[in-house]
Amino acid sequence: MEEQKISPKEKLSLSRREFLFRGMLTVPFLAGAYRLWDLQIINGEKYSDLAAGNRIRLKLISAPRGFIYDREGEVLATNVPSYNLMLTKEDCPDPHETFRSLSQELGLNLDSMTRVYERKKYTPKFIPFSIAEDISWDQMSYFLTFQYEFPGISLDFISKRFYPYGENASHIIGYMGVIDEDALEKIPENKKWSAQVLGKSGIEKIYNDALIGIDGGLQIEVNSQGRTIRELSYIEPVPGQNIRLTINQKLQNEIEKRFDQFNGSVVATDPRTNEILAMVSNPSYDSNRFSLGISAAEWTSLLKDPSKPLQNKTIQGTYSPGSTFKMLIAYAALASGLIGTDSTYHCNGHYRIYGQTFKCWKPGGHGSVNVIKALEQSCNVFFYNMGNQLGIDNIYKYASLFGLGEKTGVQLLNEISGVIPNPDWKKKIYGQPWFPGETISVSIGQGYVTVTPLQLVNYLNVFINGGTAKEPIIVRPDGAADPANNPAKLPGVSEKLDERWLSVVREGLYQVVNGNAGTARAAASRVVSISGKTGTTQVIGNKTREKLLTKQKELDDKYNDHAWFVGFAPFDKPEFSLAVMIENGLSGKNAALFAREVVDYYFRSIRPRQVMLEEMGFRFDAMSPDIPEIPGKSETPEAYCARIAETKARSVSEFCKTDILIIGADTIVVFENTILGKPETTEENYRMLYLLNGKMHRVMTAVFVIQPGSGEFIRFTKQTFVHFRKHPTEILHRYADSGEGLDKAGGYAIQGKGCFLSERIDGSYKNVVGYPIEDFIEQMLLKRWLY
């Protein structure tokens, strides 16, 4: 082969290329050598520190916020995971480019991520922070699949506040919101870093500092790809403290369902302890809407809603008390010696004084009445007389002794005090003197006097708890730390009222509901003896009403009178009291009807076992342990019932003192060896009744009593045979539609309206109601646990 010759010109060209190629190799080598010299010699210490910083990561471990429970351990506020995308600045070469990728691929808001980044620009570059919160499951899945496309971004989750019952008790529990700088300054130093959100209202706000936990942390070593090599140190997070309320969620939920058709409020208490059992304000809102932020449009909508869903009407709604104020006038007249129990006044339908005529609600009058008859029939003329003789200063004095005109001191924020007027008050507010005719209006709960529903039930409790105005309780003493933002507490009224006259007023309230001429006979119950007082209060005056009626045939609903009822049960040993305010409810009779429904439900569904035990003199706390109630595949009804009773008792005994007894009980209905549960719908209720119709079934109660200290226990099972009468299907449908059978084993309540269903009972009636008290006493005596 002939050798190829290269011309001088080509040689020159090759030499140049060779030089350039060698130069390209040499420059990086020299640069690399200089870089090594700089890293190791000139700035060795500096870069050594940076290298360590690049390898060490601090991962925060969020402390869960404390739970909020009802009185029996039902969870009202808890935490659920919320998945967030975190940015570590030193691992992200170009954050803005990464944000654009996240926006395009995951559909995240670019502007929002950019704003967060700017706000966090002073965060140390090795500490991750959230740039997108509460991403969806699909977004999270995509991110985990293609995480390598988003340098510096990692996935983390935090606890999001969750309210299992939505709108229920939202005015009590409150809601969460984004933390601001002013609020952050008030949080204890050791919890500032942990506070990501803040309680904005209700218990969430009052006990915010206690509910916040203390975050922990994990220090890890990672490689250049950000993968964990090893854990270096770990700090355990400290959960926030739990809060236990006095509310009974089952009762709260039932009242809210029944009250949904009305605007207004209902407050139920235990007058023996002044614990609030239910506190309903309607309309309401769902606290879950605020958990991760609410839009400006949603917030504005809530604020402008004329029905005021954000207002807790139980402590912030003020209304004239109407005829419920007559209880106070009656006591004041008796205590001041104006009248005795036999003193009578004649009512002819009107009362003329100071050149004015004040009418009784009954045009023909009530005739001659004493104080008890005046209360029973709500005679205006009688109380006009009493109020005029007492005078406004005495009315003010006695109203103050009952705690009216001042905040109750309940553990909730922004309570309103209401108004008990006197001449000084009017001069200060209106710059006018007090006119004698105004005292007449006040004496029947009209005019300037206003109260909140909580004040009114608290005032009622003074009549039935021994004569002392006390602060209502909504947080159990055994379930709360000292609140950081505790509302101002006013001292309880020190002067105890006279039981002689309190008992006279109570007798009057009994006759209001149960007397032949009682104005609240609608509240009379076959379940328990109810006593109370209705009230109807004007929204607009008579002159305004007449003027409006000249322009339109009928008044708008918003001008209808408000309806009140306050009452308690049972009469001889009161353990339940309530106030019902139905805005524009037309008549106190309507509030009384609703109150009877609530009282009947309470004593039929909430209290049957407790009532039987209390009648025997036992004192106890009721709890509802959260255990699965599912029969095993081959488990007999007897074995299942016994197992559930024992599991209930043992689950509670783990947390209780050794010197008490724990009683677990479970009642089931068995038809042909099949356990019938609690129907959730009226259709399901009807099917159960149809199954039992004209046939026999068994009611079985298992009881397990344990002494935690010694481990000794009692167990027994009681069985009763119930024979149903054969009823037409229409009757079964009617009973199912009444709603009484919902949440009842077998779909009926034999102690309620369902009493007509049975033809006969073989065995213990108490067992069917829910607790075989006779057998319980017998077993306790045999064990020598009862003497």
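Per UniProt numbering, numbering through the sequence shown is continuous, rising by one, with the last residue being 787.
Positions of the beta carbon are idealized from the N, C-alpha and C atoms, including for glycine.
As the structure is a computational prediction, the values presented were derived from the model and not from experiment.
### Message
Buried or exposed, going by whether 16 or more other CB atoms sit within 10 Å of the CB of Val505?
### Response
By one-based count along the sequence shown, residue 505 stands at place 505. Classification of Val505: buried, given that the 10 Å Cβ count is 16 or more.
### Task
If I'm right that Ala278 touches Leu251 with Cβ under 8 Å, what's the distance once you round it to whole angstroms?
The count along the sequence shown starts at 1 and reaches residue 278 at position 278. The count along the sequence shown starts at 1 and reaches residue 251 at position 251. Right, their Cβ atoms sit about 5 Å apart.
### Task
Say whether the stretch 154 to 166 touches the stretch 72 to 85, bearing in mind that this needs 3 or more beta-carbon pairs closer than 8 Å, one atom from each stretch.
Contact between the stretch 154 to 166 and the stretch 72 to 85 is present, because at least three Cβ pairs lie under 8 Å.
### Minimum length 4: unbroken alpha helix (DSSP H) runs contained in the stretch 128 to 165
List check, alpha helix (DSSP H) in window: 137 to 145.
### Task
Alpha carbon to alpha carbon, how far is Leu108 from Leu30? Give it in angstroms, no decimals.
Residue mapping note: residue 30 aligns to position 30 of the sequence shown, counting from 1. Residue mapping note: residue 108 aligns to position 108 of the sequence shown, counting from 1. For Leu30, the pLDDT reaches just 43, beneath the cut-off of 50, and the residue's location in the model is therefore unreliable, although a value from the coordinates is still provided. Cα to Cα, the separation comes out at about 45 Å.
### Message
Here's a check: name, in chain order, each residue in its chain whose Cβ is nearer than 6 Å to the Cβ of Leu786, leaving out the five neighbours to either side.
### Response
Translated into positions along the sequence shown, residue 786 becomes position 786. Non-local C-beta neighbours of Leu786 in its own chain, meaning closer than 6 Å and more than five positions away in sequence, comprise Met780, ordered along the chain.
#### Entry: Gly445 and Ser301 closer than 8 Å at C-beta
Taking the first residue of the sequence shown as position 1, residue 445 is located at position 445. Taking the first residue of the sequence shown as position 1, residue 301 is located at position 301. No, they are not a contact pair.
### Glu74 - containing beta strand (DSSP E), residue span
Translated into positions along the sequence shown, residue 74 becomes position 74. Segment: none, Glu74 is in no beta strand (DSSP E) and carries neither H nor E.
### Message
Under 8 Å, with one C-beta from each stretch per pair, do the stretch 635 to 643 and the stretch 560 to 574 reach the 3-pair mark?
### Response
As far as the Cβ criterion goes, the stretch 635 to 643 does not touch the stretch 560 to 574, which means the pair count is below three.
### Task
Decide if Thr228 is buried, meaning its Cβ has at least 16 other Cβ atoms within 10 Å, or exposed.
Stepping through the sequence shown from its first residue, residue 228 is reached at position 228. When all chains shown are included, Thr228 counts as exposed.
### Query
Which residue from Leu757, Arg643, Ile663 and Ala642 puts its Cα closest to that of Ala649?
As a working note, residue 649 is residue 649 in the sequence shown. The shortest C-alpha to C-alpha distance from Ala649 to any of Leu757, Arg643, Ile663 and Ala642 is the one to Ile663.
### Query
In whole angstroms, what separates the C-alpha of Ala745 from that of Tyr165?
As a first step, residue 745 is located in the sequence shown; it is residue number 745 there, counting from the start. As a first step, residue 165 is located in the sequence shown; it is residue number 165 there, counting from the start. Ala745 and Tyr165: Cα-Cα distance of roughly 23 Å.
### Message
Taking a contact to mean a Cβ-Cβ separation below 8 Å, would you say Ala63 touches Gly177 in this structure?
### Response
Numbered from its first residue, the sequence shown carries residue 63 at position 63. Numbered from its first residue, the sequence shown carries residue 177 at position 177. The answer is no: Cβ separation not under 8 Å.
### Query
In chain order, what residues of the same chain have a beta carbon less than 6 Å from the beta carbon of Ile530, not counting five sequence neighbours either side?
On the sequence shown, position 530 is the one that residue 530 refers to. Correct list, in chain order: Val513, Ala523, Gly567, Ala569 and Val599.
### Query
How is the beta strand (DSSP E) around Cys347 delimited, first residue to last?
The residue labelled residue 347 in the question sits at position 347 within the sequence shown. Note, Cys347: beta strand (DSSP E), Tyr345 to Cys347.
### Task
Could you tell me which uninterrupted beta strand (DSSP E) segments, each at least 3 residues in length, are contained entirely in the stretch 354 to 428, listed from first to last along the chain?
Runs found: 356 to 359 and 367 to 369.
### Length at least 3, wholly inside the stretch 316 to 348: the beta strand (DSSP E) runs in chain order
Taking only runs of at least 3 residues, the beta strand (DSSP E) segments lying wholly in the stretch 316 to 348 are 345 to 347.
### the stretch 367 to 385 touching the stretch 344 to 352, judged by at least three CB pairs closer than 8 Å
Result yes; three or more Cβ-Cβ pairs closer than 8 Å.
### Query
Where does Ala169 fall in DSSP's three states?
Here residue 169 refers to the residue found at position 169 when the sequence shown is read from its first residue. In this structure, Ala169 counts as coil in the three-state DSSP scheme.
### Inter-stretch contact (C-beta, 8 Å, three-pair minimum) for the stretch 763 to 782 and the stretch 682 to 689
Short answer: they don't touch.
### Message
Suppose you measure from the CA of Leu757 to the CA of Glu575; what does that come to, to the nearest Å?
### Response
Within the sequence shown, the letter at position 757 stands for residue 757. Within the sequence shown, the letter at position 575 stands for residue 575. If you take the alpha carbons of Leu757 and Glu575, they lie about 30 Å apart.
### Proximity to Ile372 [Cα-Cα], best of Phe435, Glu72, Tyr345 and Lys695
Indexing the sequence shown from 1 puts residue 372 at position 372. Minimum Cα distance to Ile372 is reached at Tyr345.
### Query
How big is the Cα-Cα spacing for Ile706 and Tyr448?
For the purposes of this step, residue 706 is taken as residue 706 along the sequence shown, with counting starting at 1. For the purposes of this step, residue 448 is taken as residue 448 along the sequence shown, with counting starting at 1. Across the structure, Ile706 and Tyr448 are spaced so that their CA atoms are roughly 57 Å apart.
### Task
Consult DSSP for Ala649 and reduce its assignment to one of helix, strand or coil.
Residue mapping note: residue 649 aligns to position 649 of the sequence shown, counting from 1. In the three-state reduction of the DSSP assignment, Ala649 falls in the helix class, which pools H, G and I.
### Task
Per DSSP, which residues does Pro81 bridge with? Please list them.
Looking up residue 81 in the sequence shown gives position 81. In DSSP, Pro81 forms a bridge with Ser159.
### Message
Taking the beta carbon of Asn485 as the centre, do at least 16 other beta carbons fall within 10 Å, making it buried, or is it exposed?
### Response
Here the question's residue 485 lines up with position 485 in the sequence shown. Summary for Asn485: the model assigns pLDDT 49, below 50, so the residue's position carries little reliability; its value from the coordinates is reported in the next sentence. Exposure of Asn485 is indicated by the presence of fewer than 16 other C-beta atoms within 10 angstroms of its C-beta.
### Query
Is the stretch 168 to 176 close to the stretch 90 to 97, with three or more CB pairs under 8 Å?
Segments in contact, no.
### Query
Between Glu778, Val703 and Glu730, which lies nearest to Gln719 when the distance is taken from Cα to Cα?
Looking up residue 719 in the sequence shown gives position 719. Distance from the Cα of Gln719 is smallest, within the candidate group Glu778, Val703 and Glu730, for Val703.
### Message
From the DSSP secondary-structure annotation, give me the bridge partner or partners of Val238.
### Response
Reading the sequence shown from its first residue, position 238 is the one you call residue 238. Looking at the DSSP assignment, Val238 forms a beta bridge with Ile214.
#### Entry: Cβ-based neighbour list, Asn388, same chain, cut-off 8 Å, excluding 5 preceding and 5 following
Start at 1 with the first residue of the sequence shown, and residue 388 comes out as number 388. Answer for Asn388: Ile353, Pro436, Thr439, Ile440 and Ser443, listed in chain order.
### Query
By Cβ distance, which residues of its chain are closer than 7 Å to Ala736, with the 5 residues on each side in sequence left out?
The count along the sequence shown starts at 1 and reaches residue 736 at position 736. The beta carbon of Ala736 lies closer than 7 Å to those of Thr682, Asn685, Tyr686 and Leu689 in the same chain, with the five residues before and after it left out.
### Task
Please say whether His733 and Asn693 have beta carbons closer to each other than 8 Å?
Locating residue 693 in the sequence shown gives position 693, counting from the first residue. Locating residue 733 in the sequence shown gives position 733, counting from the first residue. In this structure, His733 does not lie closer than 8 Å to Asn693 by Cβ.
### Query
Span of the beta strand (DSSP E) holding Asp762?
Here residue 762 refers to the residue found at position 762 of the sequence shown. Ser758 to Asp762 is the extent of the beta strand (DSSP E) around Asp762.
### Query
Unbroken beta strand (DSSP E) runs of length 3 or more, entirely within the stretch 660 to 708: which are they?
Correct list: 662 to 671, 674 to 676 and 696 to 706.
### Cut-off 8 Å between Cβ atoms - residues of its own chain near Asn385, not counting five sequence neighbours on either side
Counting from 1 along the sequence shown, the entry for residue 385 is found at position 385. Excluding residues within five positions, the ones whose Cβ falls inside 8 Å are Tyr345 and Tyr351.
### Query
In this structure, does DSSP put Ile582 in helix, strand or coil?
Stepping through the sequence shown from its first residue, residue 582 is reached at position 582. Three-state DSSP puts Ile582 in a strand.
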